[in-house]
Structures are given as structure tokens and as C-alpha cells.
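Each step along the sequence shown adds one to the number in the numbering used here, with nothing skipped, and position 64 is 868.
Data block below; observations after.
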Amino acid sequence: MQEHGASTLGMAEKETVQELAGELLDSDNLNRAYKQVKRNHGAPGIDGMIVEEALPWLREHRDKLLQSIQEGKYKTSPVWRKKLPNHMEAEYVNSEFQR
């Protein structure tokens, strides 16, 4: 089985990825996203930064952040995950057996 990664993308796929990244990183799109998070009183992320701290941080680090994303150098912080039992699935499976 061949593993698919960025290095195995063809030219058309690379162009599509670059176009999508360009749309995602567009200033208007980023501003709309920030305003939506602020309007929703977004919860702090893994870094603990609250919405009110985000704008000053983004103003100071925006160019460096966008450049690292565009160059594929941006790495997210690892997050802790905890698997929770899916009771709904268990109930669904049980109800199927009762028919």
C-alpha cells in the first residue's frame, strides 16, 4: 500500500492545495474568522490564550505565522485525547438485536 503525503501529490493537486491555502490565509477570511470567534466568546485553545489576548498577539506575529504556514513549517502543539465510550452506538447496536 502506498502512503499518500505531500511529496506524492501531482502538480494539479499541489496547485489545488496552494489555492485552498491562499483562500484560507486571505486577510478578509482571517478577519471574518476572528470576528466570529470573538462574537461567540470562543474558549481558550491549548495555549490558554483568550480571545481578548489574540488580537494583540496576531498583530505582532501575523506575518511570521502566515509565512510558516505557507512554507509548511507551522507545527501545531500536541493535544491530549481521551477516548470516551460511545453509548449511543451501543444502544443502537442493542436495539438492532432486539428486533
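Idealized CB from N, CA, C, for every residue including glycine.
If you're wondering where the values come from, they're calculated on a predicted model, not measured in any experiment.
Take every Cβ of the segment 818-829, pair it with every Cβ of the segment 842-856, and state whether three or more of those distances are shorter than 8 Å.
-> no
Helix, strand or coil for ASN833, going by three-state DSSP, please let me know.
-> Position 29 of the sequence shown, counted from the first residue, corresponds to residue 833. It is helical.
Endpoints, the alpha helix (DSSP H) within which GLU875 is located = Within the sequence shown, numbered from 1, the residue matching residue 875 stands at position 71. Element bounds for GLU875: n/a, residue is neither H nor E.
Bounding residues of the alpha helix (DSSP H) (the contiguous stretch that carries LYS887) = Sequence index remark: in the sequence shown, residue 887 carries index 83 (1-based). No alpha helix (DSSP H) holds LYS887; DSSP gives it neither H nor E.
How would you call THR820, buried or exposed, if buried means at least 16 neighbouring beta carbons within 10 angstroms?
-> For the purposes of this step, residue 820 is taken as the residue at position 16 of the sequence shown. So THR820 counts as exposed.
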